[in-house]
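Those letters in the sequence shown? Residues -19 to -1, 1 to 128, by mature numbering (1 follows the signal peptide of the UniProt record, and there is no 0).
Beta carbons: idealized from backbone N, C-alpha and C, even for Gly.
Owing to the predicted nature of the structure, the values given are computational and were not obtained by experimental measurement.
What follows is a short report on a single structure.
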Amino acid sequence: MTMWLWWVVAGALLARGGALQPRCQEITIPMCQGIGYNLTSFPNALDHDTQEEAGLEVHQYWPLVEIKCSVDLKFFLCSVYTPICIEDYAKPLPACRSVCERARDGCAPLMMKYGFKWPDRMACERLPRAGDPDQLCMEETERAREP
């Protein structure tokens, strides 16, 4: 009976892609490479299970990234679609609320001009504030920003 239970648990872990695979993986989405970190993990906060799935969706924002409506947009989007993975830190580490607000404030007016609104599922109010000791978050470094 004990051996049977072990096989059930091992099978469940394999089906989930659990502990038998590395938790962190190199970022392969071109837009999110070179943003200040290079490891991610899935599923992400938007319930994408793979980088391929996340990459297809984040690519829709490429025109906004290219026109640089906000210098924070690329980092913010990548923090959502390819969240940072740190091997020895298992908790989520989202972008800080201020990063989201700067991205939204820079790009939402342009999006509205063309009939789009800032996505509800990227509501800045849900993100932690910088300096909150109970909820860590990421601020983009100047080095990671594109000139």
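Going by the beta-carbon positions, is the gap between residue i and residue j smaller than 9 Å?
| i | j | result |
| --- | --- | --- |
| residue 7 | residue 27 | no |
| residue 88 | residue 59 | no |
| residue 105 | residue 81 | yes |
| residue 45 | residue 91 | yes |
| residue 76 | residue 57 | yes |
| residue 13 | residue 55 | yes |
| residue 52 | residue 85 | no |
| residue 17 | residue 121 | yes |
| residue 4 | residue 68 | yes |
Cα separation between residue i and residue j?
| i | j | result |
| --- | --- | --- |
| residue 9 | residue 22 | 11 Å |
| residue 148 | residue 35 | Here the chain has residues from -19 to 128 only, and residue 148 is not among them. |
| residue 74 | residue 119 | 7 Å |
| residue 43 | residue 79 | 21 Å |
| residue 102 | residue 61 | 10 Å |
| residue 25 | residue 39 | 12 Å |
| residue 93 | residue 100 | 11 Å |
| residue 64 | residue 95 | 28 Å |
| residue 114 | residue 30 | 29 Å |
| residue 117 | residue 32 | 24 Å |
| residue 37 | residue 70 | 27 Å |
| residue 48 | residue 11 | 17 Å |
Could you give the DSSP three-state label for residue i: helix, strand or coil?
| i | result |
| --- | --- |
| residue 48 | helix |
| residue 95 | coil |
| residue 76 | strand |
| residue 32 | helix |
| residue 7 | strand |
| residue -18 | Low local confidence applies: a pLDDT of 43 at residue -18 is under 50, so the model's placement there is unreliable, with the coordinate-based value given in what follows. Helix at residue -18. |
| residue 101 | helix |
| residue 87 | helix |
9 Å is my cut-off, CB to CB: does residue i come that close to chain D?
| i | result |
| --- | --- |
| residue 102 | Checking the listed chains, one finds no chain D in this structure; it contains a single protein chain. |
With DSSP as the reference, identify every bridge partner of residue i, one or two as the case may be.
| i | result |
| --- | --- |
| residue 21 | 6 and 65 |
| residue 119 | 76 |
| residue 70 | 67 |
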